Amino acid sequence: MGFTNKLTGMLKKKGVRRRETVPFDSLDSYVYQMILEEEEKIAEESASYVEKILNCFEELSKFLERLKEMEREEMFKKLDNIVKNTQKRFANSLKNVTARIRVESTDYEGLKKFHNEVTDALQQIQKLNRIHGRYLHLAFGREMKTFAKIAKEIAIYNKLLGELLQSEESIFTDFRSIHERFSVIKGMKKETGTDREKEIEKSIKTLEKNLIQLEKEASLLESSSEYQKVLNLEKRQKELSENLKSVEGDIYNVLHPLDRDFRKFKRHVELGNFPFNLKLLEEYEHLTEQFLKEDEGYPRLKKIAEKMREALVKQVIKEKGRKKEKVMDILELILNDGLLTLQQQYHSLKTQMDAGPADSDILKKIEAAKREIEEKKDRIKGLKTKKENIISRNKDIQDNIHKIEEEIIEKCSEVGIQIE
């Protein structure tokens with residue numbers, strides 16, 4: 008059978024492939040198996056072409072070795088020199104071309120690479136033959152016919168190989184496209200973090216269980232008689248504090264109107280206009296504050312009040328009319344123990360406040376429980392947020408997986424695979 012008839016026979020063998028009905032869960036392994044079968048099939052179908060091509064290149068390589076030293080037919084001396092120079096250059100150049108031809112693998116990609124290299128080599132052979140061949144055909148007519156025959160055989164078998172690869176190209180492209188999509192899905196499923204979601208849910212349940220126990224313990228502590236006693240004491244302390252502030256306010260209301268005249272009096276003492284203990288006035292500059300620190304009967308304030316009254320009478324402190332009367336009334340009130348009751352009330356309340364309840368163990372326990380409760384709540388809230396983020400991300404991934412699965416089903420339909 009001639010080479011043309013061989014090529015025609017090859018093309019007639021290619022027809023529509025009938026596929027099976029495959030469950031989607033088994034589709035990836037089925038497609039992968041189909042790829043392996045197609046690889047094996049194309050390797051078998053191409054084996055004879057590859058062998059022929061390699062044999063031809065080996066034969067061509069041997070021919071080129073002979074050509075370098077081949078005796079030329081008798082011809083003009085000038086032409087003989089041209090052929091002599093061309094002979095070795097042609098042989099060496101083609102030897103470099105043939106040396107690159109080898110089969111690295113017999114899978115589809117390996118055969119495709121081999122076919123491209125042979126195609127490139129044929130172009131190089133054609134180019135070198137066009138440049139140098141006309142002189143060599145004159146000198147080595149019979150041998151160069153053999154060379155042309157070998158090159159033609161390489162071209163024909165390479166064309167047969169190319170047609171075979173082209174006929175299988177769409178199959179490999181489609182199957183690999185499906186297989187690659189499954190690889191993408193596998194990668195996405197690894198990113199779903201379902202295990203992490205379960206771990207978080209487990210942690211949330213443990214924390215919620217602990218939280219219930221802590222709240223129960225805190226509730227028992229707060230309902231205990233010991234805690235109620237502490238609450239009553241705290242209530243009493245609050246009442247004492249409010250009463251103390253009220254008494255302080257009453258004292259302030261009495262003494263505050265003296266502030267202006269007290270400063271006048273202190274200024275006159277500083278200037279030497281009136282004899283008195285300046286140090287005492289400096290210590291007593293904040294009337295209410297210093298009064299609250301006085302011993303019972305407030306003797307120091309009385310000394311100041313007595314001398315201020317004298318200064319008013321002598322017009323050292325200049326006040327007139329109603330203002331003078333008001334200041335004199337306050338000074339008389341001080342001197343006649345008018346603040347004694349308020350002072351005694353203040354000291355009594357302050358003593359009770361200072362003798363207030365010591366730190367209670369039950370309060371510390373309740374505070375510790377409440378802190379732990381809040382910490383647990385914060386952790387639960389944080390974990391729930393993480394879980395929601397994972398769920399949202401997983402949903403996005405599942406949506407993308409669903410889209411890719413639809414693409415796979417559509418592609419399977421195109422290649423004749425029915426999905427159960």
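As numbered in my numbering, residues 8 to 427 make up the sequence shown, in order. All C-beta atoms, glycine included, are put in the ideal place defined by N, C-alpha and C. This structure is a prediction, so every number in the text was calculated from the model and none was measured.
Between the C-alpha atoms of K48 and I415, what's the straight-line distance to the nearest angstrom?
24 Å
Please classify A106 as buried or exposed, where buried requires at least 16 neighbouring CB atoms within 10 angstroms.
Burial is judged here by how many other beta carbons sit within 10 angstroms of a residue's own beta carbon; A106 has fewer than 16 and is exposed.
Assign F154 to buried or exposed, taking buried as 16 or more other Cβ atoms, counted over all protein chains shown, within 10 Å of its Cβ.
Around the C-beta of F154, 16 or more other C-beta atoms lie within 10 Å, and the residue is accordingly described as buried.
Since I426 sits in a beta bridge, which residues does DSSP pair it with?
V29
Using a Cβ distance threshold of 8 Å, determine whether the segment 317 to 337 contacts the segment 285 to 293, with at least three qualifying pairs required.
no
Let me know the secondary structure DSSP gives G345 once reduced to three states.
coil
If you pair each beta-carbon of the segment 258 to 271 with each one of the segment 342 to 354, do three or more pairs fall below 8 Å?
yes
Considering only the alpha carbon of each residue, which of I424, E301, I373 and F272 lies closest to I324?
F272
Report the residue from K410, E27, E382 and A376 whose alpha carbon sits nearest the alpha carbon of L227.
Answer by Cα proximity: A376.
How about N401 and T199: do their beta carbons lie closer than 8 Å?
yes
Could you tell me which uninterrupted beta strand (DSSP E) segments, each at least 3 residues in length, are contained entirely in the segment 189 to 269, listed from first to last along the chain?
none
Given T213, which residues of its chain have a CB within under 7 Å of its CB, disregarding the five upstream and five downstream residues?
Setting aside the 5 residues that flank it on each side, T213 has no residue in the same chain whose C-beta is closer than 7 Å to its C-beta.
Whole angstroms is fine: what's the gap from Y164's alpha carbon to D114's?
18 Å
Could you check the C-alpha separation between S68 and T126 for me, to the nearest Å?
If I take the Cα positions, the gap works out to 17 Å.
Give the secondary structure of E81 by DSSP, where H, G and I count as helix, E and B as strand, and everything else as coil.
Confidence in E81 is poor, its pLDDT being 47 and thus under 50, which makes the residue's placement too unreliable to answer from.
Which term fits H263, buried or exposed, when burial requires 16 or more other beta carbons within 10 angstroms of its beta carbon?
exposed
With a 10 Å radius around its C-beta and 16 neighbouring C-beta atoms as the bar for buried, classify L319 as buried or exposed.
buried
Where are the alpha helix (DSSP H) runs, 4 residues long or more, that stay fully inside the segment 290 to 318, in chain order?
294 to 300
Does the count of Cβ pairs from the segment 192 to 207 and the segment 40 to 59 closer than 8 Å reach three?
no
Within 10 angstroms of the Cβ of F97, are there 16 or more other Cβ atoms? Answer buried if so, exposed if not.
buried
Exposed or buried, which one is E81 when buried takes at least 16 other CB atoms within 10 Å?
Note that E81 scores a pLDDT of 47, beneath 50, so its modelled location is shaky; the value from the coordinates is reported in the next line. It is exposed - the Cβ of E81 has fewer than 16 other Cβ atoms within 10 Å.
Would you be able to state if there are at least three C-beta pairs under 8 Å between the segment 416 to 423 and the segment 180 to 197?
With a cut-off of 8 Å, the segment 416 to 423 and the segment 180 to 197 count as touching, because enough Cβ pairs lie within range.
For F179, count neighbouring C-beta atoms within 10 Å of its own C-beta (all shown protein chains included) and say buried if the count is 16 or more, exposed if not.
buried
How is T180 classed by DSSP in three states: helix, strand or coil?
helix
According to DSSP, simplified to helix, strand and coil, what is E412?
The answer is helix: DSSP assigns E412 an H, G or I state.
What does a CB cutoff of less than 6 Å around Y56 pick up in its chain, not counting 5 residues either side in sequence?
Y164, L167 and L168
Closest to I398 by CA distance: which of E204, Q131 and M151 is it?
E204
Whose C-beta lies closer than 7 Å to the C-beta of E222 among residues of the same chain, with five residues either side of it excluded?
Excluding residues within five positions, the ones whose Cβ falls inside 7 Å are I380.
According to the neighbour-count rule (16 or more other Cβ atoms, all chains shown, within 10 Å of its Cβ), is L171 buried or exposed?
buried
With C-beta atoms as the reference, is E313 less than 8 Å away from L342?
Yes, the Cβ-Cβ distance between E313 and L342 is below 8 Å.
Am I right that I211 and L390 are in contact with their C-beta atoms under 8 Å? What's the rounded C-beta distance?
5 Å
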